[in-house]
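Accompanying notes for the structure given below.
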Amino acid sequence: KNQVEQSPQSLIILEGKNCTLQCNYTVSPFSNLRWYKQDTGRGPVSLTIMTFSENTKSNGRYTATLDADTKQSSLHITASQLSDSASYICVVSGVTDKLIFGTGTRLQVFP
Amino acid sequence: NAGVTQTPKFQVLKTGQSMTLQCAQDMNHNSMYWYRQDPGMGLRLIYYSASEGTTDKGEVPNGYNVSRLNKREFSLRLESAAPSQTSVYFCASTETGGILQPQHFGDGTRLSIL
Chain A
6 KNQVEQSPQS LIILEGKNCT LQCNYTVSPF SNLRWYKQDT GRGPVSLTIM TFSENTKSNG
66 RYTATLDADT KQSSLHITAS QLSDSASYIC VVSGVTDKLI FGTGTRLQVF P
Chain B
2 NAGVTQTPKF QVLKTGQSMT LQCAQDMNHN SMYWYRQDPG MGLRLIYYSA SEGTTDKGEV
62 PNGYNVSRLN KREFSLRLES AAPSQTSVYF CASTETGGIL QPQHFGDGTR LSIL
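Note that the protein sequences, when read in sequence, are chains A and B. Quick note on numbering: the first sequence equals residues 6 to 116 in my numbering. Quick note on numbering: the second sequence equals residues 2 to 115 in my numbering.
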């Protein structure tokens with residue numbers, strides 16, 4: 006069964022610290038992997054999209070990595086800010102373009 | 002830049018009532034989608050429209066109908082609401098012509114069925 010699992014479910018860090026969120030998937034065949042940021046009460050916003058040939062992609066302080074062999078991805082946030090408090094959703098697409106969403110990691114950044 | 006606009010933002014219905022959720026995008030996108038988001042679950046696709054005039058079922062279409070009114074608008078209708086349809090509903094759109102296009106989401110409609 007095609008699944009996307011994220012860890013941890015929730016995370017609390019202090020402002021200025023770095024953190025890494027994990028995503029494991031079993032989607033096959035694989036087309037691309039996306040990370041979205043969802044603020045409370047808002048819709049998801051795209052951060053990165055990577056194909057199987059890309060190992061890393063950055064968007065400002067957000068850096069996503071992908072290991073298509075082990076079916077793992079991570080999202081690294083550098084020098085966290087209060088505005089980074091949100092849920093981060095990993096989404097995997099197979100060749101049919103169907104998107105399979107993870108349940109997200111809820112990040113809270115405290116001053 | 003409005004992007005994807007959903008109305009209403011909140012709604013409370015009684016079991017058996019009907020209602021239509023509205024969605025409009027101003028990005029000239031061909032494809033539009035309706036998702037539901039429930040606690041502890043990833044977003045699930047209800048229906049999608051690859052282009053004006055076409056609609057297809059997604060993962061959880063039962064109890065819903067959709068209409069692609071024109072290129073901008075894609076509505077979701079609950080004919081006879083049930084408590085199991087209590088959820089947050091998101092509309093999204095994307096440009097076709099490549100599998101690496103991001104989906105742009107509205108801010109959701111929070112629907113409670115009593």
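The beta-carbon is built from N, C-alpha and C at its ideal position, and this holds for glycine as well. This structure is a prediction, so every number in the text was calculated from the model and none was measured.
Is the beta carbon of residue i sitting closer than 7 Å to the one on residue j?
i	j	result
B/P103	A/S36	no
B/A25	B/E74	yes
B/Y48	B/G64	no
B/T21	B/R78	yes
A/F106	B/L44	yes
Tell me which residues share the same chain as residue i and place their Cβ nearer than 6 Å to its Cβ, disregarding the 5 neighbours each side in the sequence.
i	result
B/S81	G17
Taking the straight line between their C-alpha atoms, what separation do you get for residue i and residue j?
i	j	result
A/L16	B/T6	31 Å
A/Q14	A/Y93	10 Å
A/I54	B/K10	29 Å
A/E20	A/S90	10 Å
B/N29	B/S52	11 Å
A/R47	B/F106	9 Å
A/C24	A/S85	8 Å
A/T61	A/D72	9 Å
Excluding five sequence neighbours on each side, which residues of the same chain lie with their C-beta closer than 7 Å to the C-beta of residue i?
i	result
B/P40	none
A/T108	Q11
A/P34	G99 and V100
B/Q109	Per the sequence shown, the amino acid found at residue 109 of chain B is Gly instead of Gln. Q7, V89, Y90 and F91.
B/I114	L14, T16, A82, A83, P84, Q86 and T87
A/N29	E10, K76 and Q77
To which residues of the same chain is residue i closer than 8 Å at the C-beta, ignoring the five residues directly before and after it?
i	result
B/T56	Y48, Y49, S50, V67, S68 and R69
B/S19	R78, L79, E80, S81 and A82
Tell me, please, which residues DSSP counts as bridged to residue i.
i	result
A/N133	What the structure shows of chain A is the stretch from 6 to 116, and residue 133 of chain A is not part of that stretch, so it cannot be assessed.
A/V100	Answer is none; A/V100 lacks a bridge partner.
A/D72	A/Q77
A/F115	A/L19
B/R69	B/F75
B/D57	B/Y49
**chain A contacts from the stretch 90–111 of chain B (Cβ-Cβ distance under 9 Å)** = F91, C92, A93, I100, L101, Q102, P103, Q104, H105, F106, G107, D108, G109 and R111
**Request:** Check each residue of the stretch 21–35 of chain B: if its Cβ is closer than 8 Å to any Cβ of chain A, include it; give the result in chain order.
**Result:** Taking 8 Å as the upper bound on Cβ-Cβ separation, chain A lies near no residue of the stretch 21–35 of chain B.
**Residues of the stretch 54–66 of chain A whose Cβ lies closer than 8 Å to any Cβ of chain B, in chain order** = I54 and T56
**Message:** Residues of the stretch 38–50 of chain B in Cβ contact with chain D at a cutoff of 8 Å, in chain order, please.
**Reply:** This model lacks chain D altogether; the protein chains it does include are A and B.
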